[in-house]
Amino acid sequence: MNPMIRAATLGLCLLFSCVAYAQDKIGVIAPLSGSFARLGSQLVDGVNVAVSGNKQGQDIGVVTADDKCDAAGGAAAAREMVLANATIVIGFLCAESLETALPILSQKGIAVITPGVRDQTLTELRAETPYQVFRVAPSERNAARETGDLLAGIWRSSPFAIIDDGTIFGREIASAVRARLEEKRLKPVFTDTYRPGLDNQNALIGRLKRAGATQVFIGGERDDIVAIGRSAAALNYPLTIVGGETLNAITNGSDLSTGTLMVAPVDPATLESARNAKNAIELAGKAPEGYTVPAYAAAEVAIQLLTTAQAQAASLADLLRKNVFDTAIGPVQFDAHGERIADTLRLQRYDGKQFVQETK
């Protein structure tokens, strides 16, 4: 229900003893068919479990729509939400569907909370007025900033290098991390773009050795980082390798060098703050994996938001920007751009089997 209408309704209820508010509806837009259906189901499961355990008192329903992870599906799903009178929408794993859904949802003042699309779409970047999109996961921009901050803490007195694989993603993350480190007056002794896809990276290790780098941040894919670590070991060169979330990717069978560092969010299901959510999800017969816990947290934001809106006459978007929400993934607060304000990344070390969070 629109918050302004809700406030007016509250006043009338005080005069005429109304019994209850109309039901608020949380919409979930996700890929529920095709190759991404499993991930979409995780979103739906997380929201459903959170809403079914809602103890805030208000009547909340859930409506779902399949965006098929494409542009046409995004627009169709958005129109379904408008027809269903959704109060707020949670979802979107694919930028293509979010791009086409936003103008339709925005026209009706429906805000979006997304655990999946981390960066602004072209639709958002071109808009004169910001769309009402709120991101639970860190943007790539914030991830680079956090990565630089974490590395600055351990590289203050170490000669380090920053290299990338020449792709847009690898170059941008490496450049952004380098810029953040240089803001802190830390400069690499070596920068380079390596050739990806090689099993042997001995030549690259030779260049790193000549530069005196003992630490390296790599903007590249896991398999390349595996090859670089293998070459360093073969040449008996002690090199601490650091990568980003690509290290979580499925490998081709080769393994990372023990001691490889990753700067990335920890698995949400392992957070202490997620214990109750994890238990609730398992009791519902679902697995607390993938997007299930982040979707549960997004639903917690929506539920608390709708409760707050009963007492405050403001748009849901304004209330999202002004308040802090207690969730399974910790406190969630958004800045003026809808990006989460939080240090969400952690330094993690590969122990030969898995990544374990560093405690110091």
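Residues in the sequence shown are numbered from 102 upward in steps of one, following the numbering used here. Built from N, CA and C at the ideal position, the CB exists for glycine as well.
Under 8 Å by Cβ, that's how I've got residue i and residue j pegged, so tell me the actual separation to the nearest angstrom.
i    : j    : result
E459 : L448 : 4 Å
A333 : I306 : 5 Å
A212 : L417 : 5 Å
A244 : E200 : Incorrect: roughly 21 Å between the Cβ atoms, too far for contact.
G391 : L140 : 6 Å
F261 : Q302 : Between Q302 and F261 the Cβ distance is about 18 Å, and since that is not below 8 Å, they are no contact.
G271 : G313 : Not really, about 23 Å apart at Cβ, beyond 8 Å.
P216 : P395 : 4 Å
S142 : C170 : With 8 Å as the limit, S142 and C170 do not qualify as a contact, their Cβ atoms being about 13 Å apart.
T292 : I263 : 5 Å
Y338 : K310 : 5 Å
T371 : I382 : At roughly 13 Å, the Cβ-Cβ gap does not stay under 8 Å, so T371 and I382 are not in contact.
Between the options, which has its C-alpha nearest residue i's C-alpha?
i    : options                   : result
L251 : Q405, R441 and F318       : F318
K285 : G254, E273 and Y392       : G254
D324 : Q316, L299, G313 and I382 : L299
L147 : A403, F426, A415 and K423 : Reading off the sequence shown, one finds Gly at residue 147, where the question assumed Leu. Of A403, F426, A415 and K423, the residue nearest in Cα terms is A403.
D419 : D125, F270, Q157 and P231 : P231
Q208 : V129, S198, V183 and R227 : V183
S240 : I130, V218, R331 and E229 : V218
A177 : A131, T371, K423 and T292 : A131
L340 : V367, D368, R227 and R308 : R308
I269 : T294, G249, T248 and I329 : T294
D168 : R331, I161 and L133       : L133
A238 : D368, G330 and L226       : D368
V161 : I189, E229 and T248       : Before going on, a small fix: residue 161 reads as Ile here, not Val. Cα-wise, what sits closest to I161 is I189.
Give the straight-line distance between the Cα atoms of residue i and residue j, rounded to the nearest whole angstrom.
i    : j    : result
A437 : R236 : 11 Å
Q233 : G210 : 8 Å
P204 : Q159 : 29 Å
V290 : A196 : 37 Å
K288 : V343 : 16 Å
V163 : T409 : 19 Å
A280 : D265 : 14 Å
E440 : F193 : 15 Å
V278 : A398 : 29 Å
D444 : S136 : 32 Å
Q413 : L406 : 10 Å
Q455 : R376 : 21 Å
D220 : R242 : 8 Å
C119 : E346 : Low per-residue confidence applies at C119: pLDDT is 42, beneath 50, and the placement is therefore not dependable, though the value from the model is reported in the following sentence. If you take the alpha carbons of C119 and E346, they lie about 52 Å apart.
I214 : L144 : 12 Å
A123 : G154 : 19 Å
A429 : R422 : 19 Å
T222 : A228 : 10 Å
G175 : Q411 : 30 Å
A415 : L226 : 25 Å
A304 : R331 : 12 Å
L384 : S258 : 49 Å
G249 : A138 : 35 Å
To which residues of the same chain is residue i closer than 6 Å at the C-beta, ignoring the five residues directly before and after it?
i    : result
A179 : A202, I205 and L206
G431 : S374
T224 : E200 and L203
G453 : T359
P297 : D266 and D325
I329 : Q302
A335 : none
Note down, in chain order, each residue of its chain lying with its Cβ closer than 7 Å to the Cβ of residue i, except the 5 sequence neighbours on either side.
i    : result
E181 : A166
A400 : I127, G147, V148, A151, V152 and I191
Here's a check: name, in chain order, each residue in its chain whose Cβ is nearer than 8 Å to the Cβ of residue i, leaving out the five neighbours to either side.
i    : result
R246 : A277 and R281
L348 : R323, I326, L357, T361, M363, A365, Y451 and F456
A187 : K126, I127, G128, V164 and I211
Q434 : N424, V425, F426, R441, I442 and A443
W256 : L282, L287 and Q316
Q157 : I404, Q405, L407 and T408
I106 : Bear in mind that the predicted position of I106 carries a pLDDT of just 45, short of 50, making it too unreliable to give a figure here.
Original post:
Which residue spans inside the segment 283 to 358 form an unbroken beta strand (DSSP E) run of at least 3?
Top reply: 291 to 294, 316 to 320 and 341 to 344
**OP:** May I have a chain-ordered list of the alpha helix (DSSP H) segments no shorter than 4 residues that lie completely inside the segment 195 to 268?
**Re:** 196 to 208, 223 to 227 and 241 to 255
Subject >> Ranges of the beta strand (DSSP E) found wholly within the segment 398 to 451, counting only runs of at least 3 >> reply: 426 to 428, 431 to 433 and 447 to 451
**OP:** With a floor of 4 residues, list each alpha helix (DSSP H) that falls wholly inside the segment 117 to 188, ordered by position along the chain.
**Re:** 138 to 153 and 172 to 184
**OP:** Would you list, in sequence order, the uninterrupted beta strand (DSSP E) runs of no fewer than 3 residues that lie entirely inside the segment 360 to 404?
**Re:** 362 to 365
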